[in-house]
Ligand code: GDP
């Protein structure tokens with residue numbers, strides 16, 4: 010059964026371009042509740058750990074350097090069917106393929122600088138949320 014939580018990051022491109030407020034608005038307007046949130050910056054070591062599943066991919070080095078290049082906003086979000094609904098709200102990985110009105114369609118420029126992260130499974134949502142937040146920081 011699907012759990013009701015997912016994990017997101019507003020990535021360095023969207024933070025640098027001033028889209029934090031607009032993206033949080035879209036997330037809340039879609040019915041998600043923020044249950045944990047943090048403004049922080051990943052070190053290259055932390056980014057490598059977070060994206061370890063992609064370490065064999067050709068773009069891994071670029072991904073790690075981009076994700077550690079500036080501040081991000083990390084958050085845990087709650088809604089029924091959270092993982093699937095959030096993937097719909099953010100749109101395809103490549104913003105060129107992201108449906109009209111999705112967050113990546115509106116705020117992302119390229120496949121690497123694609124504005125937001127969204128967990129791809131309930132299991133990863135739990136792992137990723139716990140990467141950033143202790144039990145005392147989740148509400
Ligand atoms: P997501 O689940 O939609 O975020 O996509 P993936 O799990 O497949 O990839 C993780 C992240 O790696 C994406 O969000 C992109 O930021 C990045 N990424 C994926 N494909 C590429 C690529 O071809 N080049 C680069 N530079 N980054 C990529």
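Residue numbers (this note's numbering): 10 to 148.
No residue lacks a Cβ here, since even glycine has one placed at the ideal position from N, Cα and C.
Checklist line | Closest Cα partner of residue 146 within the set 40, 92, 132 and 86 | finding: Translated into the one-based positions of the chain shown, residue 146 becomes position 137. Taking only the C-alpha atoms, the option nearest residue 146 is 86.
Item checked: C-alpha distance - residue 67 paired with residue 74, whole-angstrom precision -> Start at 1 with the first residue of the chain shown, and residue 67 comes out as number 58. Start at 1 with the first residue of the chain shown, and residue 74 comes out as number 65. Answer to the nearest angstrom: the Cα atoms are 13 Å apart.
Margin query: Less than 8 Å between the beta carbons of residue 49 and residue 81, yes or no?
Written below: Taking the first residue of the chain shown as 1, we reach residue 49 at position 40. Taking the first residue of the chain shown as 1, we reach residue 81 at position 72. Yes, they are a contact pair.
Next item on the list: Would you kindly work out how many angstroms separate the C-alpha atoms of residue 10 and residue 89, rounded to a whole number?
Entry: In the chain shown, the residue the question calls residue 10 occupies position 1. In the chain shown, the residue the question calls residue 89 occupies position 80. No answer about residue 10 holds up, because its pLDDT of 48 lies below 50 and its placement is not dependable.
Next item on the list: Grab me the residues of residue 134's own chain with a C-beta within less than 6 Å of its C-beta, minus the 5 sequence neighbours each way, in chain order.
Entry: The sequence position of residue 134 within the chain shown is 125, counting from 1. Answer for residue 134: 14, 15, 16, 92 and 128, listed in chain order.
Check: Rounded to the nearest angstrom, how far is the Cβ of residue 141 from that of residue 23, given a contact under 8 Å?
Finding: Numbered from 1 along the chain shown, position 132 holds the residue referred to as residue 141. Numbered from 1 along the chain shown, position 14 holds the residue referred to as residue 23. With 8 Å as the limit, residue 141 and residue 23 do not qualify as a contact, their Cβ atoms being about 17 Å apart.
Check: Residue ranges of each beta strand (DSSP E) run of no fewer than 3 residues wholly in the region 16–56, ordered along the chain?
Finding: Within the region 16–56, the complete beta strand (DSSP E) runs of at least 3 residues are 42–49.
Margin query: Considering Cα atoms alone, identify which of 95, 98, 113 and 41 is closest to residue 28.
Written below: By 1-based counting over the chain shown, the position of residue 28 is 19. With distances taken between CA atoms, residue 28 lies nearest to 113 out of 95, 98, 113 and 41.
Check: Would residue 42 pass as a contact of residue 126 if the rule is Cβ separation under 8 Å?
Finding: In the chain shown, residue 42 corresponds to position 33, counting from 1. In the chain shown, residue 126 corresponds to position 117, counting from 1. Cβ atoms of residue 42 and residue 126: not closer than 8 Å.
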